[in-house]
Amino acid sequence: MTPKRPAAAASALDSENALVIVCRGGDCGSRRKHPAVDHAAQLTTIRTRVGGAAEVLVSKCLDACEHSNVIVVVPGQEDRTRGAEPVWLGEVNDPDVTADLIDWVTSPTPWSVQPPTLVDIHTFTPTRRSRHELEDPDTVPAARPTRRGRKR
Numbered sequence: 001m002t003p004k005r006p007a008a009a010a011s012a013l014d015s016e017n018a019l020v021i022v023c024r025g026g027d028c029g030s031r032r033k034h035p036a037v038d039h040a041a042q043l044t045t046i047r048t049r050v051g052g053a054a055e056v057l058v059s060k061c062l063d064a065c066e067h068s069n070v071i072v073v074v075p076g077q078e079d080r081t082r083g084a085e086p087v088w089l090g091e092v093n094d095p096d097v098t099a100d101l102i103d104w105v106t107s108p109t110p111w112s113v114q115p116p117t118l119v120d121i122h123t124f125t126p127t128r129r130s131r132h133e134l135e136d137p138d139t140v141p142a143a144r145p146t147r148r149g150r151k152r
């Protein structure tokens, strides 16, 4: 028997909107590993600029620490039925990469166009274990929906 996801996690993964999952566990979001990156500002920028184009979630760990900071963009339900798959981005430690990622996600048809060059350069194929972290119902609750105006 497959364990059931909590309602909030299940609804996020079955959403019509895309998801932007920002890893903030392990090395992602670590000032020790990335002292020059303003991790809080990056997350605030993503939350603010993505708007209604996607839901932004924060994950405790996606188990791809060697690529920190990791962000995964999961297509909405309709795009997934057309064959679109999650896009894993690593080393998202620069405002220009973050801006291109946001521009791509908020475009009218992101899954129908080639991602911007900076997004494409930062794309990587996750290990089976990393993909499991995203797909496993027991690990999805680690992702928390964003709440505008609420500090974390």
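Using the UniProt record's numbering, read the sequence shown as starting at 1 and increasing by one per residue. Beta carbons are placed, not taken as given, at the ideal position from N, Cα and C, and that holds for glycine. The structure displayed is predicted, hence computed values, not measured ones.
Please report the distance separating the alpha-carbon of residue i from that of residue j.
| i | j | result |
| --- | --- | --- |
| GLN42 | THR81 | 31 Å |
| LYS60 | VAL73 | 16 Å |
| ASP27 | ARG49 | 24 Å |
| LYS33 | PRO126 | 20 Å |
| ASP63 | PRO35 | 20 Å |
| ALA10 | ALA84 | Confidence in ALA10 is poor, its pLDDT being 48 and thus under 50, which makes the residue's placement too unreliable to answer from. |
| ILE71 | ARG31 | 17 Å |
| ASP120 | TRP104 | 11 Å |
| LEU57 | THR45 | 13 Å |
| THR109 | ASN93 | 25 Å |
| THR123 | GLY76 | 19 Å |
| VAL22 | ASP38 | 14 Å |
| PRO86 | ARG47 | 19 Å |
Using the three-state DSSP reduction, which class does residue i fall into: helix, strand or coil?
| i | result |
| --- | --- |
| HIS39 | helix |
| VAL72 | strand |
| VAL97 | helix |
| ALA64 | coil |
| VAL78 | It is worth fixing the name first, because residue 78 is Glu in this sequence and not Val. Three-state result, GLU78: helix. |
| ALA84 | coil |
If you check the beta carbons only, do residue i and residue j fall under 7 Å apart?
| i | j | result |
| --- | --- | --- |
| GLY90 | HIS67 | yes |
| GLU55 | LEU19 | yes |
With a threshold of 16 other CB atoms inside 10 Å of the CB of residue i, please say whether the residue is buried or exposed.
| i | result |
| --- | --- |
| PRO95 | exposed |
| ASP100 | buried |
| VAL97 | buried |
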